[in-house]
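For reference, the structure is listed below as structure tokens.
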Amino acid sequence: MGIPDEWRKSSHSGPGDGDSCVEIADSPHRISIRDSKTPARATLTFPPHAFTPFIEALKSSFSTES
9 MGIPDEWRKS SHSGPGDGDS CVEIADSPHR ISIRDSKTPA RATLTFPPHA
59 FTPFIEALKS SFSTES
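Numbering of the sequence shown is given in my numbering, commencing with residue 9 and proceeding in unit increments.
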């Protein structure tokens, strides 16, 4: 598996150079996520069909923590 070429930061990354968020890179075969503060460290990589359920589970987890 190669290294993604195009990393994009969230529009919610914050002020300045936006280094307080995650970055995402996608291709037809995988979606990768990394921490923008430590881009050289490990990434999470998903097949495209698994990414949406992962995000939905995160949203559900955070919405029940109040």
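Where a beta carbon is used, it is the ideal one built from N, C-alpha and C, also for glycine.
Owing to the predicted nature of the structure, the values given are computational and were not obtained by experimental measurement.
Candidates the options, of which the one nearest residue i by Cα
{"i": "Cys29", "options": "Ser35, Asp13, Glu14, Pro47", "result": "Pro47"}
{"i": "Ala58", "options": "Asp13, His37, Lys17", "result": "His37"}
Residue i, buried or exposed, once every other Cβ within 10 Å from all chains shown has been counted against 16
{"i": "Ile39", "result": "buried"}
{"i": "Arg49", "result": "exposed"}
{"i": "Thr51", "result": "buried"}
{"i": "Arg42", "result": "buried"}
{"i": "Glu31", "result": "buried"}
Residue i vs residue j beta-carbon contact at 8 Å
{"i": "Ser35", "j": "Lys17", "result": "no"}
Where the alpha helix (DSSP H) containing residue i begins and where it ends
{"i": "Ala48", "result": "Counting along the chain, Ala48 falls outside any alpha helix (DSSP H), and DSSP gives it neither H nor E."}
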